[in-house]
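Colleague:
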Amino acid sequence: MFKTFINAFKIKDIRKKLLYTLLILVVIRIGSQIPIPGVNIEYVKQMMETILGGGDGGIFMAITGGSLERMSILALGITPYITSSIVMQLLTIAIPGLEEMQRDGEDGRKKIAAITRYLTVALALIESGAMAIGYKQILNEYNALSVITVIAAMTAGSAFLMWLGERVTENGVGNGISIVLVINIISTFPQDAVSLYTKFVKGQTVATAILNSVIIIVVVLGLVVMVIYLSDAIRKIPIQYAKKIQGNKMMGGNSSHIPVRVNTAGVIPVIFAASLLQFPIIISNMVGFNAAGEGWLTKFWAEALNYMNSSHWFNTADMKYTLGILIYIVLVVFFAYFYTSITFNPAEIANNLKKAGGFVPGIRPGKPTSEYLNSVLNYIIFIGAVGLVIVAIIPYVFNGLFGASVSFGGTSIIIVVSVVIETAQQVESQMLVRNYKGFLND
Numbered sequence: 001m002f003k004t005f006i007n008a009f010k011i012k013d014i015r016k017k018l019l020y021t022l023l024i025l026v027v028i029r030i031g032s033q034i035p036i037p038g039v040n041i042e043y044v045k046q047m048m049e050t051i052l053g054g055g056d057g058g059i060f061m062a063i064t065g066g067s068l069e070r071m072s073i074l075a076l077g078i079t080p081y082i083t084s085s086i087v088m089q090l091l092t093i094a095i096p097g098l099e100e101m102q103r104d105g106e107d108g109r110k111k112i113a114a115i116t117r118y119l120t121v122a123l124a125l126i127e128s129g130a131m132a133i134g135y136k137q138i139l140n141e142y143n144a145l146s147v148i149t150v151i152a153a154m155t156a157g158s159a160f161l162m163w164l165g166e167r168v169t170e171n172g173v174g175n176g177i178s179i180v181l182v183i184n185i186i187s188t189f190p191q192d193a194v195s196l197y198t199k200f201v202k203g204q205t206v207a208t209a210i211l212n213s214v215i216i217i218v219v220v221l222g223l224v225v226m227v228i229y230l231s232d233a234i235r236k237i238p239i240q241y242a243k244k245i246q247g248n249k250m251m252g253g254n255s256s257h258i259p260v261r262v263n264t265a266g267v268i269p270v271i272f273a274a275s276l277l278q279f280p281i282i283i284s285n286m287v288g289f290n291a292a293g294e295g296w297l298t299k300f301w302a303e304a305l306n307y308m309n310s311s312h313w314f315n316t317a318d319m320k321y322t323l324g325i326l327i328y329i330v331l332v333v334f335f336a337y338f339y340t341s342i343t344f345n346p347a348e349i350a351n352n353l354k355k356a357g358g359f360v361p362g363i364r365p366g367k368p369t370s371e372y373l374n375s376v377l378n379y380i381i382f383i384g385a386v387g388l389v390i391v392a393i394i395p396y397v398f399n400g401l402f403g404a405s406v407s408f409g410g411t412s413i414i415i416v417v418s419v420v421i422e423t424a425q426q427v428e429s430q431m432l433v434r435n436y437k438g439f440l441n442d
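Heads up: the sequence shown is residues 1 to 442, going by this note's numbering.
Spelled out as structure tokens, the structure:
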């Protein structure tokens with residue numbers, strides 16, 4: 001690994017890309033430390049802890065690299081851009097005009113990218129406005145100027161992060177947006193390590209401290225290894241192309257395969273499920289919901305919020321809220337199937353194979369191939385969803401049973417490992433062009 005880095009820095013263009021990416025990351029981390037004027041930071045920290053709780057709910061703070069908790073100018077992080085990208089991907093399937101635009105090649109993709117940027121700014125305005133107006137206590141002085149300052153700073157910060165991410169994609173290494181996301185998540189790891197040390201190691205006997213340290217390391221490494229397998233695992237569907245005669249030559253007859261990732265939807269199902277469960281809690285806090293109020297409807301909603309709060313799922317004081325994890329599991333599985341269904345079209349693939357003279361051995365072209373691909377996909381999606389559920393639930397268990405509230409939960413690890421693998425593969429391909437041994441061959 002270190003030898004590869006040394007070799008990479010020996011190549012001028014790769015060295016420039018790596019240093020450029022590093023410079024952008026430094027700028028991002030400096031920006032995350034600059035607070036918005038007129039904000040009550042102590043109240044914001046208390047509010048975030050109350051709303052998001054522990055476990056993987058902390059992913060929302062991890063994604064911003066702690067900027068949201070500090071209410072810096074980059075408090076919204078890259079989340080508005082991620083949300084707008086997902087929305088555009090969904091709309092591209094639903095709106096024929098956008099689908100046609102996507103098929104127009106480079107010009108169409110540029111138009112969609114421009115729409116995504118505008119949508120990002122609009123979402124940033126909405127999110128910052130909701131926070132500034134809905135949570136009045138975050139401002140030292142609640143007036144029009146303070147509200148406008150917060151909205152302008154957070155919106156500009158989100159747009160600036162989006163611009164930096166695009167610059168990294170063009171001039172640096174890897175996908176810029178993913179790199180920004182990962183550096184924010186990684187920046188929270190030292191604080192989490194200190195929290196774990198303080199809770200499970202400091203003040204314990206030597207034997208207990210060693211045992212707890214080993215358990216923590218084994219669990220974290222186990223999660224990383226599982227995520228690596230989950231990210232890299234694919235199902236290869238064999239494809240055979242029919243032979244055809246052109247002139248005096250026999251053409252075709254070669255074989256290939258369709259690679260189908262086990263985790264076809266990536267981290268999207270986990271993020272969607274967590275967001276859907278956190279949304280009612282955030283709205284209730286925003287409108288000042290009083291859980292101690294009278295009336296059956298108030299009590300019912302207060303109980304519903306407890307079931308949706310991940311910090312209550314494995315609370316040993318009241319295990320009835322563990323049923324809330326079932327809702328989370330159902331949502332993860334549902335979004336895994338839903339997101340895959342709009343990004344992977346078996347009928348279109350079967351039709352393209354038929355036009356190219358390809359077929360799955362033992363399966364007739366056309367509709368039978370589509371049905372076969374659909375059955376394989378359903379099986380694969382279920383395996384990937386189960387893997388996602390296992391990785392995502394483990395942090396909740398440790399948070400509920402042992403009070404180990406950290407941000408590097410299942411979702412964070414999935415994002416970091418996936419992006420690291422993707423970036424390593426990109427550097428690897430550039431290294432192989434110059435006959436250097438790369439990351440993946442070490």
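Think of the CB as a built atom: it goes at the ideal place given N, C-alpha and C, for glycine as much as any other residue. What you are looking at is a predicted structure, and each value in this text was computed from that prediction instead of being measured.
#1: Just checking, does the stretch 297-310 make contact with the stretch 362-377 on the three C-beta pairs under 8 Å criterion?
#2: Looking only at its own chain, which residues have a Cβ that is under 8 Å from the Cβ of residue 263, when we skip the five neighbours before and after it?
#3: Which of the three DSSP states, helix, strand or coil, is assigned to residue 437?
#4: So for residue 200, helix, strand or coil by DSSP?
#5: So, at 7 Å on beta carbons, what are the nonlocal neighbours of residue 238 in its own chain, with the 5 sequence-adjacent residues on each side left out?
#6: Between 186, 77, 100, 205, which lies nearest to residue 125 when the distance is taken from Cα to Cα?
#7: Based on the DSSP secondary-structure assignment, which residues constitute the bridge partners of residue 236?
#8: Confirm, please, whether the CB-CB distance from residue 43 to residue 191 is below 8 Å.
#9: With DSSP run on the structure shown, which of helix, strand or coil describes residue 139?
#10: Quick check on this structure: which residue in 270, 302, 320, 324 has the alpha carbon closest to the alpha carbon of residue 333?
#11: Taking DSSP as the reference, what is the three-state secondary structure of residue 359?
#12: With residue 84 and residue 31 assumed to form a contact (beta carbons below 8 Å), what rounded beta-carbon distance in angstroms separates them?
#13: Taking residue 267 and residue 235 to be in contact with their CB atoms under 8 Å, please state how far apart those CB atoms are, rounded to whole angstroms.
#14: Flag residue 260 as yes if its beta-carbon sits less than 8 Å from any beta-carbon of chain B, otherwise no.
#15: If you draw a straight line from the alpha carbon of residue 474 to that of residue 155, how long is it in whole angstroms?
#16: In the DSSP assignment, what are the bridge partners of residue 72?
#17: Using beta-carbon positions only, say whether residue 380 and residue 167 come within less than 8 Å of one another.
#18: Quick check: what's the CA-CA separation for residue 174 versus residue 427?
#19: When the distance is taken between beta carbons, is residue 120 closer than 8 Å to residue 80?
#20: Bridge partners for residue 241 per DSSP, in chain order?
#21: Buried or exposed for residue 225, going by 16 or more other Cβ atoms inside 10 Å?
#22: Can you give me the Cβ contacts of residue 201 inside the same chain, cut-off strictly under 7 Å, excluding the 5 residues immediately before and after it?
#23: Please state the DSSP three-state secondary structure of residue 13.
#24: Helix, strand or coil: how does DSSP classify residue 173 here?
#25: How many angstroms separate the CA atom of residue 364 from the CA atom of residue 351?
#26: Terminal residues of the continuous alpha helix (DSSP H) containing residue 86?
#27: Quick one: does the C-beta of residue 181 sit closer than 7 Å to a heavy atom of the ligand NAP?
#28: According to DSSP, is residue 155 helix, strand or coil?
#29: Let's see if you can read the secondary structure: which residues bound the alpha helix (DSSP H) around residue 64?
#30: Taking residue 324 as part of the alpha helix (DSSP H), name the residues at either end of that continuous run.
#31: Using only the alpha-carbon positions, how far apart do residue 391 and residue 141 sit?
#32: Quick one: is residue 118 buried, meaning 16 or more other Cβ sit within 10 Å of its Cβ, or exposed?
#33: Within its chain, find whatever has a CB closer than 6 Å to the CB of residue 164; leave out the 5 residues flanking it on each side and keep chain order.
#34: Verify whether the separation of the beta carbon atoms of residue 184 and residue 36 is less than 8 Å.
Modeller: According to the data block:
#1: no
#2: 230, 231, 233, 384, 387, 388
#3: Because residue 437 sits at a pLDDT of 49, beneath the cut-off of 50, its placement in the model cannot be relied upon, and the following sentence gives the value as read from the coordinates. Of the three classes helix, strand and coil, the one that applies to residue 437 here is coil, per DSSP.
#4: DSSP places residue 200 in the helix class (H, G or I) of the three-state scheme.
#5: Within the same chain, residue 238 has close Cβ partners 255, 257, 360, 361.
#6: 77
#7: The partner list for residue 236 (beta bridge, DSSP) reads 259.
#8: no
#9: strand
#10: It is 270.
#11: strand
#12: With a Cβ gap of about 20 Å, residue 84 and residue 31 do not count as contacting.
#13: Actually they are not in contact, since the Cβ atoms of residue 267 and residue 235 sit about 19 Å apart, beyond 8 Å.
#14: Absent from the structure: chain B. Only one protein chain is present.
#15: Missing from the structure shown is residue 474; the chain here goes from 1 to 442 and no further.
#16: 35
#17: Result no, Cβ atoms of residue 380 and residue 167 do not sit closer than 8 Å.
#18: 8 Å
#19: Cβ distance < 8 Å, so residue 80 and residue 120 count as in contact.
#20: 358
#21: exposed
#22: 209, 212, 213
#23: Here residue 13 sits in helix by DSSP.
#24: Coil, per DSSP.
#25: 12 Å
#26: 79-94
#27: As far as ligands go, the structure on display features none, and thus does not contain the ligand NAP.
#28: If DSSP states are grouped into helix, strand and coil, residue 155 belongs with the helices.
#29: For residue 64, there is no enclosing alpha helix (DSSP H), as DSSP marks it with neither H nor E.
#30: 324-343
#31: 43 Å
#32: A residue is called buried when at least 16 other Cβ atoms come within 10 angstroms of its Cβ; residue 118 does not meet this threshold and is exposed.
#33: Here the set comprises 24.
#34: no
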